[in-house]
Amino acid sequence: MANLVIGLTGGIGSGKSAACRFFADKGIDIVDADIIARQVVAPGSQALKQISQRFSASIITSTGELDRQQLRNIVFKDVKQKEWLNQLLHPLIRQEMSSAVNACQSTYCILAIPLLIENELFDLVNRVAVIDCEVEQQKQRALLRDNSDATVIQAIIDSQVSREVRLKHANDIIDNSKDLDYLAQQISKMHEFYLSLV
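Structural data, given as structure tokens:
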């Protein structure tokens, strides 16, 4: 188990995945809540069966996988459906995250949790690192990456804590307002800092 667990968070399109790649390039173990969230709804899983019963079989693709885009469109337009889904998945995801963190072997590890602050998962981490950029940058990046509807992206942003609230919870702020080279420099600085803490 790593001596230090860094909770990496940020809004949609803030650059969490890019930051994780840079930390991984430095030999740091990454536990990604989004990947775990996909694993708990893998084909044949109990959670996927419950989701298909709730939302109809059309939520499952021809390959037996969850149609995440369709589910996203449903739950971000209906708060009751979102609450039901969160009550089903969050305990499963939390349990898997804890197990994955315990298996980390690097000096410190990154636990990437988009909704760390919203779900008050502070007990899983030693420090909170927020990857930060302007909200307009988040929107543009998310639209390009997800090829999604602007209203869905806005609904996701609205469902997350504000940038100001996120920054208030931060022990560390990683500026991602520029290009990838700049982000890599920010990650290198944070990496050296985290190594100094263990």
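Counting from 496, one number per residue, gives the positions in the sequence shown under the working numbering. Beta carbons are placed, not taken as given, at the ideal position from N, Cα and C, and that holds for glycine.
### Task
For D670, collect the residues of the same chain with a Cβ closer than 7 angstroms to its Cβ; drop the 5 residues on either side in sequence, then sort them by chain order.
Here the set comprises D627 and Q681.
### Same chain, Cβ closer than 6 angstroms to V536, neighbours up to 5 away in sequence not counted
A542, L543 and L561
### Message
Buried or exposed for Y677, going by 16 or more other Cβ atoms inside 10 Å?
### Response
exposed
### Query
In this structure, does DSSP put T602 in helix, strand or coil?
Per DSSP, reduced to three states, the secondary structure at T602 is coil, with no helix or strand assignment.
### Task
Specify, as a first and last residue, the run of the beta strand (DSSP E) that I501 falls within.
Under the DSSP assignment, I501 falls in the beta strand (DSSP E) whose first and last residues are L499 to T504.
### Task
Report yes if the C-beta distance between I507 and I588 is below 8 angstroms; otherwise report no.
no
#### Entry: A513 versus R640: straight-line alpha-carbon distance, rounded
Rounded to whole angstroms, A513 and R640 show a C-alpha spacing of 12 angstroms.
### Query
If you draw a straight line from the alpha carbon of I648 to that of R661, how long is it in whole angstroms?
Taking C-alpha positions only, I648 is separated from R661 by approximately 18 angstroms.
### Query
Are the Cβ atoms of V623 and R658 separated by less than 8 angstroms?
no
#### Entry: Endpoints, the beta strand (DSSP E) within which D529 is located
Run containing D529: none in the beta strand (DSSP E); it sits in the alpha helix (DSSP H), A528 to Q534.
### Task
For I569, I'd like the list of residues in its chain whose CB is within less than 7 angstroms of its CB, leaving aside the five on either flank, ordered along the chain.
Answer for I569: F550 and Q576, listed in chain order.
### Query
Count the other CB atoms within 10 Å of the CB of G764; is the residue buried (16 or more) or exposed (fewer)?
Because the chain here runs from 496 to 693, residue 764 falls outside it and cannot be looked at.
### Query
Do you know how far the Cα of S643 is from the Cα of G510?
17 angstroms
### Message
Rounded to the nearest angstrom, what separates R563 and G539 at their Cα positions?
### Response
16 angstroms
#### Entry: R567 versus S654: straight-line alpha-carbon distance, rounded
R567 and S654: Cα-Cα distance of roughly 12 angstroms.
### Message
I need the straight-line Cα distance from G559 to Q565, nearest angstrom please.
### Response
14 angstroms
### Task
Determine the closest residue to N614 out of N581, I554 and T602, with distance taken between C-alpha atoms.
N581
### Message
Counting C-beta neighbours from all protein chains within 10 Å, is the total for M685 16 or more, i.e. buried, or is it exposed?
### Response
buried
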